[in-house]
């Protein structure tokens, strides 16, 4: 971004956010704070995360698109922050015999993402949820219902894409890197490809399904940037992908090295 003359106030926010999240990551992992355990925490965090998505509809939005909550000069893409939390929570609910509540939360989230609309986040969320719920339920009707509804919603979101123009240092960041040089492009592609690998290939022993679902989520939103104008996670400007990825990473590390994952 610096080489393409993007203002320092813009790319500087990414650096500050990254350093802040590194500090939070170190504190949480080192001192073993755990926000992902406990039956009460499951419901509270899930409810708060879904309410934050709902709050985006109170924002004026842009050309009918409601994905953000503004805090001063900072505009946060809420789905990119809270979807990892929602997936973790639903996964824990589903795997602790609370399939009904988990399914309702997943359906509600899918409909909110459809209304925003956000095809990338919807596909990234719906497909892992189909895998998660479908693999855990014994009900063929529920499995068919989830598969049908989520597939239709995903298809509709891609058929009726929003008309927001791409921003070079957000959606077009890979092209900006390519303009600098081929070697830079290769390094950029490798760095992006690394993001889902821990979740997919090295999942926590007691939370393998949830971890792989998170990995699929990141894989999908990365692939979605090719055919659509969607933010490139962590590389382009945006605090939300950084926060969301670190939330996923904190859960991953806590789960990988915790003696007890579900309580």
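In our numbering, the protein residues as written are 10 to 272.
We put the CB at the ideal spot given by N, CA and C, even for glycine.
Keep in mind it's a predicted model, so treat the numbers as computed, not measured.
Minimum length 4: unbroken alpha helix (DSSP H) runs contained in the region 182-230: The region 182-230 contains, as complete alpha helix (DSSP H) runs of 4+ residues, the segments 182-189, 191-203, 206-210 (chain order).
Residue span of the beta strand (DSSP E) that contains residue 85, given as start and end: According to the DSSP assignment, residue 85 belongs to the beta strand (DSSP E) that extends over 83-86.
Residue 141 and residue 222: beta carbons closer than 8 Å? With contacts defined by Cβ atoms closer than 8 Å, residue 141 and residue 222 form a contacting pair.
Neighbourhood of residue 27 by C-beta distance below 6 Å, restricted to the same chain and skipping five residues each side: Closer than 6 Å at Cβ, skipping near neighbours: 251.
Where do the ends of the beta strand (DSSP E) carrying residue 79 lie? From DSSP, the beta strand (DSSP E) with residue 79 extends over 77-80.
Check whether the region 205-220 touches the region 186-196, counting contact only when three or more Cβ pairs, one atom from each stretch, lie closer than 8 Å. Contact fails: fewer than three Cβ-Cβ distances are below 8 Å.
Could you give the C-beta distance for residue 225 and residue 137, rounded to a whole number, given that I count them as a contact under 8 Å? Contact flag correct, Cβ pair sits at about 5 Å.
Would residue 131 pass as a contact of residue 162 if the rule is Cβ separation under 8 Å? Inclusion of residue 131 and residue 162 in the CB contact set at 8 Å is warranted, their separation being smaller than that value.
Which residue from 218, 65, 240 puts its Cα closest to that of residue 265? Of 218, 65, 240, the smallest CA-CA separation from residue 265 is found for 218.
List the DSSP bridge partners of residue 71. Per DSSP, 74.
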